[in-house]
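Just so we're on the same page, my numbering is the position in the sequence shown counted from 1, plus 58.
Here is the structure we will look at.
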Amino acid sequence: MLRGLAVLGTGTTAALLVPALRPGEMGGTSTGPLRPVFISGREGYACFRSPALLTCRSGTLLAFCEGRHQGCGDEGDIGLVLRRSLDGGMTWGPLQELVRDGNTAKNPVPVLLENGRILLVWVWHRRLSSKKQRTTREVYTAISNDDGLSWSAPRNITDQVYRPGWGWYGVGPGHGIVKRHDPGRGQVVIAARHGQKGQRMVSHLLMADGDGERWRIGADALIRPTGEATVAELDDGALMLNSRSKGGQRVVSVSLDGGHTMARSWRDPQLIEPLNGCQASLLHLPAAAPG
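In structure tokens, the structure reads:
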């Protein structure tokens, strides 16, 4: 993990800000000045939202974001964009448009696979004029073999991650993980969420084999409503799902069997958020060595 990185959204002028590491400080704790990566109102985009950051094995940084063309609203002409840094965030390459077809692509979720490839997961739906028109979404993946320089053709995995009767859907946003411990060592895990007629939105887990090809649906959080979520693996192999909710406190859920069932969920009074919730990030930090 590259220490000293922050992903910050700033309301209607959302940007991704990275405290750049000075030369020779890769993996260290000393940082340089904040470097804006995406700034709303530039490069043909009215707004940037839902950032995600990933460090490749080579140390290259990949910064993903939603590029919203018409404004900061959740519907309309929205695509996915990427910038790369080869020097720990000191400088950033040109903006790459990964997905743009005039419809709505959202929620970029990058994952560093064990083989060094980069997996990207996102959702897509036909362009709508308002949230009242929402029905379902499609889910796509793509793979990069060269640290984000180029990407495979998008692959539709909707039939693997949607159940009959599900409606509105989302993944992440934010990064996904590969499990380091049993149960399920080596499997890809990302956070997702789904709605269903007559029920409130709920967060759930998605798991895939280590190459990101074969997907399966994992456990739901035990509290509703829960929405945008992020996941981390604890030192004992348990999965912790941390979810946006309503009422001012985030919901934490823990799975002990690799994501197949949820052992418990609770509202954490230490993790406060706006009454309508907000996106957040969750990172695993290894336990300190004894002594």
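Here a beta-carbon is modelled for each residue, glycine too, at the ideal position from N, C-alpha and C.
Only a predicted model underlies this, so the values are computations on that prediction, with no experimental measurement involved.
Between the CA atoms of residue j and residue i - distance to the nearest angstrom
{"i": "histidine 183", "j": "asparagine 165", "result": "12 Å"}
{"i": "tryptophan 224", "j": "alanine 346", "result": "42 Å"}
{"i": "alanine 290", "j": "leucine 171", "result": "15 Å"}
{"i": "glycine 256", "j": "proline 222", "result": "14 Å"}
{"i": "threonine 113", "j": "tryptophan 209", "result": "17 Å"}
{"i": "leucine 297", "j": "valine 310", "result": "10 Å"}
{"i": "asparagine 173", "j": "arginine 243", "result": "14 Å"}
{"i": "threonine 312", "j": "leucine 177", "result": "This sequence places valine at residue 312; threonine is not what is there. Rounded to whole angstroms, valine 312 to leucine 177 spans 24 Å at the Cα level."}
{"i": "asparagine 203", "j": "isoleucine 235", "result": "18 Å"}
{"i": "glutamine 245", "j": "histidine 342", "result": "16 Å"}
{"i": "valine 169", "j": "leucine 340", "result": "14 Å"}
{"i": "valine 247", "j": "histidine 318", "result": "11 Å"}
{"i": "arginine 185", "j": "proline 283", "result": "26 Å"}
{"i": "methionine 148", "j": "arginine 175", "result": "24 Å"}
Sequence-distant residues of its chain with Cβ nearer than 6 Å to residue i (five each side left out)
{"i": "aspartate 278", "result": "Val260, His262"}
{"i": "glycine 253", "result": "Gly225, Trp226, Met259"}
{"i": "glycine 134", "result": "Gln128"}
{"i": "arginine 192", "result": "Trp226"}
{"i": "threonine 71", "result": "Summary for threonine 71: the model assigns pLDDT 41, below 50, so the residue's position carries little reliability, and this model does not support an answer."}
{"i": "tyrosine 220", "result": "none"}
{"i": "methionine 320", "result": "Ala277, Leu280, Ser311, Ser313"}
Own chain partners of residue i with C-beta closer than 8 Å, once the 5 adjacent residues on each side are dropped
{"i": "glycine 306", "result": "Ile330, Glu331, Pro332, Leu333"}
{"i": "proline 212", "result": "Val157, Tyr198, Thr199, Ala200"}
{"i": "arginine 272", "result": "Gln218, Ala266"}
{"i": "proline 344", "result": "Asp293"}
With 16 other Cβ atoms within 10 Å as the buried cut-off, status of residue i
{"i": "aspartate 159", "result": "exposed"}
{"i": "asparagine 300", "result": "buried"}
{"i": "leucine 207", "result": "exposed"}
{"i": "glutamine 119", "result": "As written in the sequence, residue 119 is leucine, which differs from the glutamine given in the question. Buried, because 16 or more other Cβ atoms sit within 10 Å of the Cβ of leucine 119."}
{"i": "aspartate 294", "result": "exposed"}
{"i": "threonine 288", "result": "buried"}
{"i": "serine 116", "result": "exposed"}
{"i": "arginine 308", "result": "buried"}
{"i": "arginine 126", "result": "buried"}
{"i": "tryptophan 150", "result": "buried"}
{"i": "proline 91", "result": "exposed"}
{"i": "glutamate 155", "result": "exposed"}
For residue i, the nearest candidate out of the options (CA to CA)
{"i": "glutamine 218", "options": "Gly146, Leu140, Leu314, Tyr198", "result": "Tyr198"}
{"i": "asparagine 161", "options": "Ser188, Pro327, Ala338", "result": "Ser188"}
{"i": "valine 167", "options": "Asp145, His233, His318", "result": "His233"}
{"i": "aspartate 145", "options": "Arg185, Arg93, Met320", "result": "Arg93"}
{"i": "phenylalanine 122", "options": "Asp205, Gln245, Arg238, Pro283", "result": "Asp205"}
{"i": "lysine 190", "options": "Ile97, Phe106, Asp132, Met320", "result": "Asp132"}
{"i": "serine 323", "options": "Gly317, Leu314, Ile281, Ser339", "result": "Ile281"}
{"i": "arginine 238", "options": "Glu155, Arg185, Ala163, Gly316", "result": "Gly316"}
{"i": "asparagine 214", "options": "Arg175, Gly270, Asp326", "result": "Gly270"}
Close beta carbons around residue i, own chain, < 7 Å, minus the five adjacent residues each side
{"i": "leucine 153", "result": "Glu101, Val139, Arg141"}
{"i": "glycine 335", "result": "Gly285, Arg302, Ser303, Lys304"}
{"i": "alanine 163", "result": "Ile136, Gly137, Leu138, Val157, Trp180, Trp182"}
{"i": "proline 241", "result": "Gly295, Asp315, Gly316"}
{"i": "aspartate 326", "result": "Gln307, Arg308, Val310"}
{"i": "threonine 216", "result": "Glu196, Val197"}
Rounded Cβ spacing between residue i and residue j (contact assumed at less than 8 Å)
{"i": "leucine 292", "j": "isoleucine 275", "result": "So it is not a contact: roughly 22 Å between Cβ atoms."}
{"i": "serine 108", "j": "glutamate 124", "result": "5 Å"}
{"i": "glycine 228", "j": "alanine 250", "result": "7 Å"}
{"i": "valine 181", "j": "arginine 195", "result": "5 Å"}
{"i": "proline 231", "j": "glutamine 337", "result": "6 Å"}
{"i": "alanine 110", "j": "cysteine 130", "result": "No, alanine 110 and cysteine 130 are not in contact; Cβ-Cβ is about 18 Å, not under 8 Å."}
The ligand MG heavy atom lying under 7 Å from the CB of residue i
{"i": "threonine 199", "result": "Within the structure as shown, the ligand MG is missing, as the structure has no ligands at all."}
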